[in-house]
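Asks:
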Amino acid sequence: MFYRKSGQDVVMNCGDAAQNSDLEWKHSDELILRINGKSGRMMKGASSVAGKAKITGTKLVINLLGTKDSGLYSCTGQNKIGTKNTWQHKLHVVSVIASPADVVLDSTEVTLTCDIPEDSTVEVQWMRPPDLKPFGYHGKTVTLKSVSLADAGHWVCQVKDEQGVELNIGLDITVVGPLMSTEEIVVIPGDTAELPCFLPNLSVLTIIGGGWVRHPPNGTDFLTLETQGKNLHWSDTNTMPRIMLFAQHLSTNFSVTLTNVQSADAGVYVCTLMFEGKEKLKANLRLKVEGEAVSRSSKTFWEISVLGLKLYAWVAIAAGSVILIILFVVIMFFYRRNKRMRRKVRKLKSMREPLTSRNYCQCNRTERPHAGKREKPAPLPRTDYYPFDT
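In terms of full-length UniProt numbering, the sequence shown has 211 at position 211, counting the first letter as 1, and numbering is strictly consecutive.
1) Would the segment 11-20 count as touching the segment 51-58 if we require 3 or more Cβ pairs under 8 Å?
2) Rounding to the nearest angstrom, what Cα-Cα distance links Ser6 and Gly210 in this structure?
3) Using the Cβ count rule (16 or more neighbours within 10 Å means buried), how would you classify Tyr269?
4) Quick one: is Tyr3 buried, meaning 16 or more other Cβ sit within 10 Å of its Cβ, or exposed?
5) Do Gly51 and Leu33 have their C-beta atoms within less than 8 Å of each other?
6) Where do the N-terminal and C-terminal ends of the beta strand (DSSP E) with Val156 fall, by residue?
7) Expressed to the nearest angstrom, what Euclidean distance is found between the alpha-carbon atoms of Gly291 and Tyr335?
8) Thinking C-beta only, is Leu171 closer than 8 Å to Leu105?
9) Taking the CB atoms as reference points, tell me whether Val261 and Val176 lie closer together than 8 Å.
10) Roughly how many whole angstroms lie between the Cα atoms of Thr257 and Thr192?
11) Mind checking who Thr143 pairs with in its DSSP beta bridge?
12) Within 10 angstroms of its Cβ, does Leu202 collect 16 or more other Cβ (buried), or is it exposed?
13) Taking only the alpha-carbon atoms, compute the straight-line gap between Val329 and Arg342 and give it to the nearest angstrom.
14) Quick one: using the 10 Å Cβ neighbour count with 16 as the cut-off for buried, is Ser70 buried or exposed?
15) Specify, as a first and last residue, the run of the alpha helix (DSSP H) that Asn338 falls within.
16) Please say whether Gly164 and Pro129 have beta carbons closer to each other than 8 Å?
17) If you drop the 5 nearest sequence neighbours on each side, which residues of the same chain put their C-beta closer than 8 Å to that of Val156?
18) For the segment 7-87, which segments carrying the beta strand (DSSP E) assignment without a break, of at least 3 residues, lie completely within its bounds, in sequence order?
19) Mind checking whether Leu144 and Lys282 have CB atoms under 8 Å apart?
20) So the beta strand (DSSP E) Glu183 belongs to, where does it begin and stop?
21) Over what stretch of residues does the beta strand (DSSP E) that includes Phe275 continue unbroken?
22) Would you give the residue range spanned by the beta strand (DSSP E) that Ala193 belongs to?
23) Please report the residue range of the beta strand (DSSP E) in which His215 lies.
24) Who are Ile97's beta bridge partners in DSSP?
25) From the DSSP output, in three-state form, read off Ile149 for me.
26) Count the other CB atoms within 10 Å of the CB of Lys26; is the residue buried (16 or more) or exposed (fewer)?
27) Considering Cα atoms alone, identify which of Ala101, Met1, His233 is closest to Leu205.
28) Using a Cβ-Cβ cutoff of less than 6 Å, which residues in the same chain neighbour Gln19 once the five nearest sequence positions on both sides are dropped?
29) Would you check if the distance between the CB atom of Gly40 and the CB atom of Asp22 is smaller than 8 Å?
30) Assign Ile207 to one of two classes, buried (16 or more other C-beta atoms within 10 Å of its C-beta) or exposed (fewer than that).
31) Would you decide whether Ala53 is buried or exposed? Buried here means 16 or more other CB atoms lie within 10 Å of its CB.
32) For the beta strand (DSSP E) that contains Asn168, what are its first and last residues?
33) Under 8 Å by Cβ, that's how I've got Val122 and Val96 pegged, so tell me the actual separation to the nearest angstrom.
34) How big is the Cα-Cα spacing for Cys114 and Gly267?
35) Find the nearest neighbour of Asp9 within the set Leu91, Glu30, Ala150, judged by alpha-carbon distance.
36) Do Ser255 and Val289 come within 8 Å of each other at the CB atom, strictly closer than that value?
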């Protein structure tokens, strides 16, 4: 008995058939291959398996198995003593299928099937992500009525036969969505309302359209999505000029901002994304406008907004910048002063002290007359000049 995943290979042995003997392999009584042991000549049969099967020695090798390859395989050959025997193998090719697809939208239905031949007596159990715990009862099929992000991941079909042989086949399920928003937003007249609409992850399905719709009065689109090549962007036909867009080229964030909200703007706003196959994701939010109107002229000086920030925020940024500049100047001043002082100290240390009398070498010797000066000899006695004078 063999259990294999769809797409795998299988190798089946022809019992104790001798090498170089006549062999004949069949699938459900249809000839696959026949080989002449003496000449080595091989003949292919009409079986659908014949195109991807080959004989190596006495073994039959089948590549890239499909569910149609399941069934009974038989090999007829002679053993070493010339006795002709037939050996049989049962092959079950198992595959897993997600219907309608393995990539589905949030809150839609998907069915997971472990495709096993009907004559199989194995036990089948589906294991769910992320910890691969048993899901539901034993059976080939499970149906998820309303999928969510918690259902996304690696599902496993576990197959066990009577002999304890186990086969695990995996199937990855991807969930696109949900389209996330806020149930209710409450603002006062004259204020700004942010209408959130975004996907938690980048969609693997192609978005082909969508937009924002307001109810009431008539549920018509006031902002629509258009595709240009592979890019998705907002259309130029915006019927609500007070709508500000977060981004022009879109991928996951489709939020917008409504400025200077008025009481007439209250209602239900619906964000929609349309995918290939005409499937849609929607997110609803209710906008309530309550309280007294706040005119722009009644705002205090500090409530004035510039580029989306209140004036006090800009003052705080400016004050912080000035403090940083002052700190930088002070640090540079002390750094340069210390540098000059260290240079001055090094210069003083390198200067030689003037020599004094104690620095000369002291020697016990008579002082030689200065070169170039000689003493005048003493005059001779008078008698030396006139030796014969009496």
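Cβ coordinates follow ideal geometry from the N, Cα and C atoms, glycine included.
Note that the structure is a prediction, hence the values are computed from the model and not measured.
Replies: Per the coordinate set shown:
1) They touch, by the three-pair rule.
2) In the sequence shown, counting from the first residue as 1, residue 6 sits at position 6. In the sequence shown, counting from the first residue as 1, residue 210 sits at position 210. Roughly 39 Å separates the two Cα atoms.
3) Here the question's residue 269 lines up with position 269 in the sequence shown. Burial call: buried.
4) Here residue 3 refers to the residue found at position 3 of the sequence shown. Looking at its Cβ environment, which holds 16 or more other Cβ atoms inside 10 Å, Tyr3 is buried.
5) Locating residue 51 in the sequence shown gives position 51, counting from the first residue. Locating residue 33 in the sequence shown gives position 33, counting from the first residue. No, the pair does not count as a contact, with Cβ atoms beyond the cut-off.
6) Locating residue 156 in the sequence shown gives position 156, counting from the first residue. Its beta strand (DSSP E) spans residues 153-160.
7) On the sequence shown, residue 291 is found 291 positions in, with the first residue counted as 1. On the sequence shown, residue 335 is found 335 positions in, with the first residue counted as 1. When rounded, the distance between both Cα atoms is 58 Å.
8) Residue mapping note: residue 105 aligns to position 105 of the sequence shown, counting from 1. Residue mapping note: residue 171 aligns to position 171 of the sequence shown, counting from 1. No, these two residues do not count as a Cβ contact at 8 Å.
9) Taking the sequence shown and counting its residues from 1, the one referred to as residue 261 is at position 261. Taking the sequence shown and counting its residues from 1, the one referred to as residue 176 is at position 176. Not closer than 8 Å, so no.
10) As a working mapping, residue 257 is identified with position 257 in the sequence shown. As a working mapping, residue 192 is identified with position 192 in the sequence shown. Between Thr257 and Thr192, the C-alpha separation is close to 7 Å.
11) The residue given as residue 143 occupies position 143 in the sequence shown. DSSP, once it has assigned bridges, lists Thr111 as partnering Thr143.
12) Here residue 202 refers to the residue found at position 202 when the sequence shown is read from its first residue. Answer is exposed; the Cβ neighbour count stays below 16.
13) The count along the sequence shown starts at 1 and reaches residue 329 at position 329. The count along the sequence shown starts at 1 and reaches residue 342 at position 342. Spanning the two alpha carbons is a distance of roughly 20 Å.
14) Here residue 70 refers to the residue found at position 70 of the sequence shown. Ser70 is buried by the Cβ-count criterion.
15) Walking along the sequence shown from the start, residue 338 turns up at place 338. Looking at the DSSP string, the run of the alpha helix (DSSP H) that includes Asn338 is 311-350.
16) Numbered from 1 along the sequence shown, position 129 holds the residue referred to as residue 129. Numbered from 1 along the sequence shown, position 164 holds the residue referred to as residue 164. Not a contact, by the Cβ cut-off of 8 Å.
17) Position 156 of the sequence shown, counting from 1, holds the residue named residue 156. Cβ neighbours of Val156 beyond the five flanking positions: Trp126, Met127, Leu132, Asn168, Ile169, Gly170, Leu171.
18) Within the segment 7-87, the complete beta strand (DSSP E) runs of at least 3 residues fall at 10-12, 23-27, 30-35, 42-44, 53-56, 59-62, 71-78.
19) Counting from one through the sequence shown, the residue named residue 144 turns up at place 144. Counting from one through the sequence shown, the residue named residue 282 turns up at place 282. No, they are not a contact pair.
20) In the sequence shown, counting from the first residue as 1, residue 183 sits at position 183. That residue, Glu183, is in no beta strand (DSSP E); it is neither H nor E in DSSP.
21) On the sequence shown, residue 275 is found 275 positions in, with the first residue counted as 1. 267-275 is the span of the beta strand (DSSP E), which, as asked, contains Phe275.
22) Counting from one through the sequence shown, the residue named residue 193 turns up at place 193. 193-195 is the span of the beta strand (DSSP E), which, as asked, contains Ala193.
23) What you label residue 215 is simply residue 215 of the sequence shown in a count that begins at 1. Where His215 is concerned, the enclosing beta strand (DSSP E) stretches over 207-215.
24) In the sequence shown, counting from the first residue as 1, residue 97 sits at position 97. Answer is Thr113, bridged to Ile97.
25) Counting from 1 along the sequence shown, the entry for residue 149 is found at position 149. The sequence given here places Leu at residue 149; Ile does not occur at that position. If DSSP states are grouped into helix, strand and coil, Leu149 belongs with the helices.
26) As a working note, residue 26 is residue 26 in the sequence shown. The residue is buried, with at least 16 neighbouring Cβ atoms inside 10 Å.
27) In the sequence shown, counting from the first residue as 1, residue 205 sits at position 205. The shortest C-alpha separation from Leu205 is found at Ala101.
28) Sequence index remark: in the sequence shown, residue 19 carries index 19 (1-based). Nothing listed; no residue qualifies.
29) As a working note, residue 40 is residue 40 in the sequence shown. As a working note, residue 22 is residue 22 in the sequence shown. Not closer than 8 Å, so no.
30) Here residue 207 refers to the residue found at position 207 of the sequence shown. Result: buried.
31) In the sequence shown, counting from the first residue as 1, residue 53 sits at position 53. The residue in question, Ala53, is buried, as its Cβ has 16 or more Cβ neighbours within 10 Å.
32) Position 168 of the sequence shown, counted from the start, is the residue given in the question as residue 168. 166-176 is the extent of the beta strand (DSSP E) around Asn168.
33) As a working note, residue 122 is residue 122 in the sequence shown. As a working note, residue 96 is residue 96 in the sequence shown. The Cβ separation is near 14 Å, so there is no contact.
34) If you number the sequence shown from 1, residue 114 lands on position 114. If you number the sequence shown from 1, residue 267 lands on position 267. Looking at the two C-alpha atoms, the distance is approximately 47 Å.
35) Position 9 of the sequence shown, counted from the start, is the residue given in the question as residue 9. Of Leu91, Glu30, Ala150, the residue nearest in Cα terms is Leu91.
36) Translated into positions along the sequence shown, residue 289 becomes position 289. Translated into positions along the sequence shown, residue 255 becomes position 255. It is not a contact, given that the beta carbons lie outside the stated cut-off.
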